[in-house]
Structure formats: C-alpha cells, structure tokens
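Let me begin by presenting the structure, written as structure tokens, before commenting on it.
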Amino acid sequence: MNFTLSIDLSTSWTTSDVVPIVTLHENGDNMLVRDASMFYDPISNMVYWYGGYPYLTGFQPSVWGFTLNGGQVSWEKIYDIGISHATSGSTFPGFTFTTGSLWTSTPTAYYSLGGYIIGGADPAITGLGMTSVSGMVEYNFQEGLWTNTSDTGATGYREQGFSIHGEAIYVPIYGKDGIIVFLGGDIPTTQAYVGGAALAEFSDITIYDISTGNYYQQTATGLAIPLGRIQFCATGAAAADNSSFEIFIYGGSGDGTLNTNDLTADQAVDFGKVYILSLPAFTWIQAPDVSATQRSAHSCRTIGNRQMVSIGGIVNNNSTFTDPWTNGLGIFDMTELTWGFNYDATAAPYVPSKAVTAYYNSSSRYPSSWANSDLKTIFKDTGATTVNGTSSPTGAPAARKTYTGAIVGSVLGGLALIAVLVVCVFFFCMRLGSRREKSRLDNLGSNQPAFYQEGYRDNSYNEMGPSEPKYQLGTETTRLAEMGNEHGGANQPLMKPVELFAGR
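Position 393, counted from 1, in the sequence shown is what our numbering calls 393; the numbers after and before it change by one each time, with no gaps.
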C-alpha cells in the first residue's frame, strides 16, 4: 500500500485534528522503499523520489516524480536506473540506488553524499550485503544533469569518503553559493557496513563549499555536545540579519534500534533532547525542554517561520507499542525552545533563542581557531542576500525573503515528507511494508491516518565479505534528455526559478 497525504499549511491546526488529503498510488508497490531522497526542483516544478531500501524482492530501481499542483499528487516513473542500465549506457550514469545517504537540495541542485548499496535494491548486484559507497551525487536542476564525483583525497570527505545515516543541511548565507553542513551518522572505515559501529563525533563538523567543491573539517565546542548517533533528524533557521544560522537536531539511535535494553543510561536521556549548533561560532547549545519520547528514523522540517515539525519514526522496536504522539507529529518552537502539538500558521518570524543570544553576548562570534584559512573566509562572507534561509540566485537583485519553499525529506521506516509552503501544502508519503501495517490502516477512518512505524534493524542483514568488489561513485555524467523515458530534460521549456528554499 502506498499513498501521499497533503496537509494545508495556510491555516493553523493541532496534531490531533489535522485532516490530510489522501492520494493512493496505482503502482505503489514499485515505490515501496524506506529512507529515500525526496526533493523539489523549483525550475521544472517537479518533486522527485530517488533511492532507498526496498521492502519487496525483485525490485527494479527507478526515479519517480510528480508535478506540483496544489494538494493533488500523481506520481509517475521518470526513468529506470541501476547498474545494469548504466553499463549499457542507456539511461543513467554509473551509480544506483543508495540508502542512508546524507542529502539536501538547494534552489538549483540536489546533493547526496555517501550512503550504502545492497543487492535487494538492484538486480545487477543481487546477493550483495550492505556496502558503503563514497562519492557525491548531484542533480543540476537548470541543466538537467546528473553527476557523481569522488569525494576522497586531500580535499574530499574524510579519509575513506564513507558517510551513512547522518544529516546534510543547506546553509545559504555563507560562501559564494552557500554551503552544506554534514554532521553525525556513521563514518565506516571499510565498505562492510554495520550500523552504529563507527559513529561520527558531533564535535567534528564537515563543511562543503558549493562554489569550489571543497570539503573542510571544523571543530565544534560547547558545554553540551550531542552523543554520536544515526537516524536522527535536523533542520535549520537563520536570523533575520544573517548574524547566525542555527541547526537543530533531535532524536536518533546508537545502532538502528530503540529497545530500552539496548540504550545506555546516557543515550536514554540524550536521544530525547534537542541540540542546537549555532554558526558561525560552531558552538553546541542544549535546549532545556526535553521530549517525552526518544525516536529515530524520523524527519524534521522547518514550517511556519519558526516551527520544527517532527514526523513519524521509530519510538520503540516493540511492534505493539503505540506512539504517544498523535499521528506521530510533534511541533517544536525554535525561538522559545518548547515542544507542543499546535501548528501556528501566523507564527512570528524566527528569532534566535535567548540561549543563543546569551552565548553571543558573552562569547566570540567565531571559533577560537579555524581549521583552514579558506573556511574562515567562507564564514566571514555573508554576501548571499538571505533572510531566514532563502537565497537569491547568483546575480539576482537583493531581496528580503522568508524561510519558506519546498522542504523535502524522507523518513526511514516508511514515512516521507514534503512541505511546499509556496502553495501552503504539506505532503507526506507513507510506505507500508507489512501486512500488519496495511491491516491497521484499513481499519482507520480517513480522518485519522496512522503514522506509527514498525522498527527494523539494518545490521540484521548480511555484511559484505572481504572478497566483494569495491564500489565507488564514479565521475560520469548524464543529462535527463539523454535518458530513456525522460521527463523534464534539456529539450523542455524551463520555468522561471521560483524564489524559495528547497532542501533541509
């Protein structure tokens, strides 16, 4: 079973009374994956669905999409992908579905770092265990061009280039074309992936400069630094004067499970907290209001100026456990730093919290030392004409904009989210991967959709043996117009770019 839910963001609602529009998909089984990328291309006005971990055997990887049309959704297959297709040179460059990548999108491109591949996601690699891959996948909206480049080496992402189940946040106010901040997740040292075996420290932040393609590492400090974790959520907001940009993280797990017996005492407390990474100081601040639940494999997005919505996820691996949040939704006020269950369509613009303001009033605006002089220059360059996270294209006149647009995300375990604020619509995509889930939904009325997600454990699958071939995203490129069954390629008329922020 596979459907999309749309929720109006132009009016206020509570998580218990929200009533979505439900759109069923005729070919839903072909989209039954978890942990996919779901991103909005404002130039072609298309929403894309790419990657993920399939529920069903005999799966053929594809890219799906629909044209934005208010609250109505009609998914269609854009093209088939996969290693076998890439080998023939007929449709897609030399990479296939990845799961657990760190991805985000900007007004002009989609970016996906690392992740892992597994045989069930591509017939060409049947039987392959979970295999870490390096490289950055990029889809250029203006050119309709897919590229995949190596990210290892002196200017690459860490030594091996592997990163899984972390988060990527687009920050448009720093650098010439903005930056992407990568944080958390696993950083395997080999291609044999085991969930939670090599957690990244949150004191070690990776910055990707979009204009140069260079990676930088910077140390983050603070009195309360989050514990290492995977499958957490993150979102961000900028001060109106671009004086700071705050990244909020919540939840996560140590190894892909949230069984009480699997958590240490510190994890049981830490995974229920919200932490704030404030830039450009690179300092961590802990929000005082602790959530009543620890959850992982969920998604968080900024909606209504200053509200972080948490959607779905795994609360407990016990299949009979009921999510204490109605519809799996929670709302966090990023200025007041408090949890609630009410969405306010008329909320005031984002203002950094008192805790963030207090830090800058008593401490340096920048880190005590920079890891790289180029990075120092990037963070002292706030030339992007941005307010609350929306940037003008290069060469466009300066304008004040709000942190709105297409906020697109996918949630491991079955739930994905799109909020397209330009049309005041909130999209959810739910993937149901078991008969129990299907039965539960069949018994629900249309006014009460279920957002409960059953747990799963990634590291229960076979690992890659030492004799397996090494997989890395190469350096090939392919234009959409060169692919079979193309949609939105170079030969189609381009829409004027919409002035909105697309991504995390």
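A virtual CB, placed ideally from N, CA and C, is assigned to each residue, including glycine.
These figures come from a predicted structure and were not determined experimentally.
Straight-line Cα distance separating residue j from residue i
i: Thr14; j: Met334; result: 17 Å
i: Asn2; j: Trp75; result: 11 Å
i: Gln217; j: Glu167; result: 15 Å
i: Asn305; j: Ala237; result: 8 Å
i: Trp103; j: Thr320; result: 32 Å
i: Pro352; j: Thr346; result: 18 Å
i: Arg229; j: Tyr250; result: 10 Å
i: Phe162; j: Thr11; result: 42 Å
i: Pro288; j: Asn30; result: 43 Å
i: Phe59; j: Lys77; result: 14 Å
i: Leu513; j: Gly119; result: Since the first and last residues shown for the chain are 1 and 504, residue 513 lies out of range.
i: Thr67; j: Tyr360; result: 43 Å
i: Tyr110; j: Ser6; result: 23 Å
i: Ile247; j: Leu277; result: 5 Å
i: Asp266; j: Phe245; result: 28 Å
i: Ser291; j: Thr221; result: 23 Å
i: Trp370; j: Leu337; result: 29 Å
i: Ser62; j: Pro107; result: 23 Å
i: Arg327; j: Thr4; result: Sequence check: residue 327 is Asn here, not Arg. Approximately 14 Å, taken between the alpha carbons.
i: Glu143; j: Ser364; result: 42 Å
i: Thr302; j: Thr357; result: 20 Å
i: Leu128; j: Pro54; result: 14 Å
i: Asp374; j: Leu183; result: 20 Å
i: Gly65; j: Met46; result: 6 Å
i: Ala224; j: Thr190; result: 30 Å
i: Ala192; j: Ala297; result: 21 Å
i: Ile331; j: Ala234; result: 13 Å
i: Ala200; j: Tyr170; result: 19 Å
i: Trp339; j: Ile207; result: 29 Å
i: Leu113; j: Ser368; result: 29 Å
i: Gly213; j: Asp35; result: 25 Å
i: Tyr139; j: Trp146; result: 4 Å
i: Thr264; j: Gly312; result: 23 Å
i: Lys380; j: Asp344; result: 34 Å
i: Gly52; j: Thr126; result: 16 Å
i: Ala198; j: Ala355; result: 31 Å
Three-state class that DSSP yields for residue i in the structure shown
i: Thr126; result: coil
i: Thr326; result: helix
i: Asp41; result: strand
i: Asn69; result: strand
i: Asn316; result: coil
i: Asp209; result: strand
i: Asn242; result: coil
i: Asp289; result: coil
i: Asn214; result: strand
i: Asp29; result: helix
i: Asp35; result: coil
i: Asp255; result: coil
Residue range of the unbroken alpha helix (DSSP H) whose run includes residue i
i: Gln267; result: Ala265 to Asp270
Span of the beta strand (DSSP E), counted from its first residue to its last, around residue i
i: Ile118; result: Element bounds for Ile118: n/a, residue is neither H nor E.
i: Asp17; result: No beta strand (DSSP E) contains Asp17, which DSSP labels as neither H nor E.
i: Phe282; result: Careful: Phe282 lies outside any beta strand (DSSP E) and carries neither H nor E.
i: Val181; result: Ile179 to Leu183
i: Asn2; result: Asn2 to Asp8
i: Arg229; result: Per DSSP, Arg229 belongs to no beta strand (DSSP E) and is neither H nor E.
i: Trp103; result: Leu102 to Ser105
i: Tyr48; result: Met46 to Tyr50
i: Ser299; result: Ser299 to Ile303
i: Glu76; result: Glu76 to Asp80
i: Gln307; result: Gln307 to Ile311
CB-CB length for residue i against residue j, believed under 8 Å
i: Gln231; j: Gly252; result: 5 Å
i: Asp186; j: Gly195; result: 7 Å
i: Ser211; j: Asp177; result: 4 Å
i: Val309; j: Leu329; result: 6 Å
i: Trp284; j: Pro226; result: 7 Å
i: Ser105; j: Phe39; result: 4 Å
i: Tyr366; j: Pro280; result: 6 Å
i: Ile378; j: Ile180; result: No, Ile378 and Ile180 are not in contact; Cβ-Cβ is about 12 Å, not under 8 Å.
i: Gly100; j: Tyr116; result: 6 Å
i: Ile43; j: Phe141; result: 4 Å
i: Asp505; j: Gly175; result: With the chain covering only 1 through 504, there is no way to say anything about residue 505.
i: Gln307; j: Ala268; result: Their Cβ separation, rounded to whole angstroms, is 27 Å, which puts Gln307 and Ala268 out of contact at 8 Å.
heavy atom of the ligand FAD below 8 Å from residue i C-beta
i: Glu201; result: Although the ligand FAD was asked about, the structure shown includes no ligands whatsoever.
Checklist entry - Taking only runs of the beta strand (DSSP E) that begin and end inside the segment 130-176, which ones reach a length of at least 3 residues, in chain order? => result If you keep only unbroken beta strand (DSSP E) runs of at least 3 residues inside the segment 130-176, you get 136-140, 145-149 and 167-171.
Next on the checklist: Give the list of continuous alpha helix (DSSP H) stretches no shorter than 4 residues that lie fully inside the segment 331-382.
Outcome noted: Here the runs fully enclosed are 354-362 and 373-379.
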